[in-house]
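First up is the structure itself, then whatever we jot down about it.
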Amino acid sequence: VELFTEAAELGSVEALFNLGNVYYFGEGVQEDKGKAVELHKKAAVQGHVIARNNLGNHEARKGDLDRAIKHWLISAKMGYEKSVQ
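Residues 851 to 935 (the numbering used here) make up the sequence shown, in order.
Here's what the structure looks like:
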């Protein structure tokens with residue numbers, strides 16, 4: 851967690867994404883889905899395609915399919931084929 855946090859502070863988009871996963875799954879930290887989503891949003895804005903797809907999944911679980919589809923289409927346009935499966 852400390853290394854991901856430091857790398858994220860230094861600008862690593864991959865570290866932001868991984869840190870989001872750490873909080874989402876509670877790996878070594880208290881599970882915090884809200885923090886995970888915020889970290890994935892930051893990574894997605896910076897071009898992380900899987901983070902963008904995960905935001906679509908999050909919106910779908912909340913029941914907001916319009917927003918979910920927007921995220922999935924963006925990640926599909928970025929080349930992430932799983933977004934359209």
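Glycine included, each C-beta is placed from N, C-alpha and C at the ideal position.
Could you work out which residue in the options is closest to residue i when comparing CA atoms only?
i: Asn907; options: Gln896, Gly897 and Ala886; result: Ala886
i: Asn868; options: Leu860, Glu881, Lys883 and Val851; result: Val851
i: Ala894; options: Trp922, Tyr874, Glu877 and Leu915; result: Trp922
i: Val872; options: Gly861, Thr855 and Leu860; result: Thr855
i: Ala858; options: Gly884, Val879, Gln896 and Gly878; result: Gln896
Counting only the same chain and skipping the five closest in sequence on each side, list residues whose C-beta sits under 6 Å from that of residue i.
i: Asn903; result: Ser925, Tyr930 and Ser933
i: Ala918; result: Gly906, Glu909 and Ala910
i: His898; result: Val863 and Phe867
Entirely enclosed alpha helix (DSSP H) segments - the stretch 878–910, minimum 4 residues: 883–895
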